[in-house]
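The C-terminal position of the sequence shown is numbered 356 in full-length UniProt numbering, with every residue numbered one higher than the one before it.
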Amino acid sequence: MVVTDCAPFNLLSGSGTLAPLLINPLYFTAITIEFLGEAKNQWLGAHTERMPNGENKTHNVNFMGSEEYYKFKYNLLGGGGAEMEIPQGSHVYPFTSTLPPSLPSSFDGEHGYVRYKVTATLDRPWKFDEHAEGVFYVVTLYDLNTDMKAKETIHQEVSKNFCCLWCQSGPLQLILAAPFSGFVPGQTVPLSIDVENGSNVAVDKVTVELTKYMTWKATEPTSSEKQDKLDLVTEELGGVVVNSSKHWNHQLVVPVFPYVNLTNCHIIQQEFKLSVTAKVSGPHKDLVIKVPIVLGSVPIAEHSSVQSSLPAPTQPLAPQQNQMQNQAPPPPIGLNVNNLYPSIPAIDASPVSPTY
């Protein structure tokens with residue numbers, strides 16, 4: 001059996017075709033189609049437990065977490081108990097199932113994944129069942145216009161005073177402002193950055209960073225979390241000498257990358273933060289503003305004037321597979337929007353009369 005489809009990256013409902021090519025007639029009692037969407041993660045980490053003698057023992061364990069989002073199964077052909085026959089030759093049987101609109105997007109990461117697959121099972125009398133399986137990719141858009149936090153303006157300011165023996169200098173103040181908090185990949189966002197340096201300590205440089213944090217959550221053998229950090233953008237502005245001030249109208253360009261909506265995934269979570277740092281000279285602590293931002297796939301409408309050549313909503317790329325030379329890749333499983341209930345195709349199969 002071969003599971004195929006002609007539209008690999010449409011949205012919100014799964015459909016495809018089952019295409020058996022038979023040299024001989026096929027006898028069966030049922031052909032079932034099952035859709036499954038799930039997330040899993042796993043990593044090796046240290047775990048400490050108390051032994052019966054009261055001592056603590058630390059050893060490495062596999063932390064794991066899993067979550068199921070969607071599961072649906074129905075009979076494509078047969079299922080009534082009677083033996084049926086598909087004659088020899090090439091046949092095509094379409095199948096479909098509408099997916100819930102709030103599914104997390106397909107995702108593959110270092111410690112886990114969100115995947116969707118469809119499995120066709122051939123139930124044959126007095127023989128082992130036969131299975132055909134394929135993956136399909138879910139792209140759930142995230143509209144920033146529906147998120148109130150994404151529409152909020154950014155205005156943060158921090159200040160500090162430096163002490164040197166008996167002398168206390170004036171304040172160093174850092175101010176960050178932006179018209180909103182929600183961006184899409186490829187968007188240019190105006191940042192207003194002010195440094196007022198009334199101190200006797202120079203600011204060597206001001207940096208702007210956009211950072212992505214991935215949090216993986218496990219439930220077995222005990223609750224645990226692991227976080228990874230990825231710097232998406234790091235830019236340097238000038239410095240500010242003592243007893244002076246400087247203002248920047250800085251254009252932050254959000255890099256273009258396949259945005260993945262993991263809003264409804266509870267074991268794999270992502271967040272983005274914008275940081276502006278005034279790096280001071282000497283043995284003093286830097287002055288930092290760090291604010292959470294929202295990334296999505298549909299930009300905020302009222303701020304379209306600050307966007308430049310936004311790409312189309314991004315889709316996850318299919319995982320690359322090693323293939324033998326001159327071997328064609330397997331046909332993909334895809335997504336089509338169809339009716340709520342499974343479409344039962346016309347059956348090119350006939351019941352087999354019992355023999356005595």
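The beta-carbon is built from N, C-alpha and C at its ideal position, and this holds for glycine as well. These numbers come from a predicted model, not from an experiment.
Proximal residues to residue i (C-beta, below 7 Å), its chain only, five neighbours per side dropped
{"i": "G78", "result": "F28, T29, A30, I31 and M84"}
{"i": "P319", "result": "Model confidence at P319 stands at a pLDDT of 40, short of 50, so the residue's coordinates are unreliable and nothing is read from them."}
{"i": "D143", "result": "G296 and V298"}
{"i": "G282", "result": "V201"}
{"i": "D231", "result": "E209 and T211"}
{"i": "D251", "result": "Checking the sequence shown, residue 251 turns out to be Gln, not Asp. So the qualifying residues of the chain are T188 and P190."}
{"i": "N24", "result": "Q88"}
{"i": "K205", "result": "E236, L237, G238, G239 and K279"}
DSSP bridge partner residues for residue i (one or two, in chain order)
{"i": "H247", "result": "D194"}
{"i": "N145", "result": "For N145, which the question treats as bridged, DSSP gives no partner whatsoever."}
{"i": "G112", "result": "N41"}
{"i": "R50", "result": "N56"}
{"i": "K117", "result": "L36 and V135"}
{"i": "T29", "result": "BP columns for T29 are empty, so no partner."}
{"i": "E152", "result": "DSSP lists no partner for E152."}
{"i": "K160", "result": "L172"}
{"i": "T140", "result": "Partner(s): none; T140 has no beta bridge."}
{"i": "N62", "result": "L44"}
{"i": "E130", "result": "L122"}
Same chain only: Cβ atoms within 6 Å of residue i, ignoring 5 sequence neighbours per side
{"i": "E34", "result": "K73 and T119"}
{"i": "S224", "result": "F63 and A218"}
{"i": "L26", "result": "I86"}
{"i": "T234", "result": "E209"}
{"i": "H247", "result": "D194"}
{"i": "S105", "result": "V138, V139, T140, V260 and N261"}
{"i": "D228", "result": "M214"}
{"i": "K290", "result": "K273 and S275"}
{"i": "N243", "result": "none"}
{"i": "L36", "result": "K71 and K117"}
{"i": "T58", "result": "A46 and T48"}
{"i": "N75", "result": "A30 and T32"}
Inter-residue spacing [alpha-carbon to alpha-carbon] between residue i and residue j
{"i": "H266", "j": "Q42", "result": "14 Å"}
{"i": "L237", "j": "T207", "result": "6 Å"}
{"i": "G54", "j": "K226", "result": "28 Å"}
{"i": "Y137", "j": "T215", "result": "22 Å"}
{"i": "N249", "j": "H284", "result": "27 Å"}
{"i": "V195", "j": "V184", "result": "28 Å"}
{"i": "I300", "j": "G239", "result": "33 Å"}
{"i": "A178", "j": "Q156", "result": "10 Å"}
{"i": "F128", "j": "L122", "result": "9 Å"}
{"i": "N56", "j": "G134", "result": "46 Å"}
{"i": "P100", "j": "T146", "result": "18 Å"}
{"i": "E68", "j": "P52", "result": "36 Å"}
{"i": "K71", "j": "Q270", "result": "25 Å"}
{"i": "L176", "j": "V241", "result": "19 Å"}
{"i": "H111", "j": "E38", "result": "14 Å"}
{"i": "V288", "j": "K149", "result": "22 Å"}
{"i": "S245", "j": "N197", "result": "6 Å"}
{"i": "E302", "j": "T222", "result": "46 Å"}
{"i": "V294", "j": "I154", "result": "12 Å"}
{"i": "T277", "j": "R50", "result": "43 Å"}
{"i": "L174", "j": "I268", "result": "34 Å"}
{"i": "A132", "j": "S97", "result": "17 Å"}
{"i": "E130", "j": "G81", "result": "17 Å"}
Close-in-space but distant-in-sequence residues of the same chain around residue i (CB under 8 Å, 5 per side omitted)
{"i": "E220", "result": "F63, M64 and G65"}
{"i": "N60", "result": "L44, G45, A46 and H47"}
{"i": "P125", "result": "Y27, F28, T29 and E83"}
{"i": "E152", "result": "F180 and S181"}
{"i": "N161", "result": "Q168, S169, G170, P171, L172 and S199"}
{"i": "D286", "result": "T277, A278, K279 and V280"}
Nearest-angstrom Cβ-Cβ length linking residue i and residue j, presumed shorter than 8 Å
{"i": "L172", "j": "S192", "result": "Contact doesn't hold; Cβ gap of about 18 Å is too wide."}
{"i": "K273", "j": "P292", "result": "6 Å"}
{"i": "Y116", "j": "K40", "result": "Contact doesn't hold; Cβ gap of about 13 Å is too wide."}
{"i": "V203", "j": "V280", "result": "6 Å"}
{"i": "N264", "j": "L103", "result": "7 Å"}
Any C-beta of chain C under 9 Å from that of residue i
{"i": "K226", "result": "Protein chains in the displayed structure number just one, and chain C is not present."}
Could you tell me which uninterrupted beta strand (DSSP E) segments, each at least 3 residues in length, are contained entirely in the UniProt domain "Arrestin C-terminal-like" (168-300), listed from first to last along the chain?
188-197, 203-218, 224-237, 244-253, 268-280 and 287-295
Whole runs of the alpha helix (DSSP H) within the region 68-108, excluding any shorter than 4 residues
none
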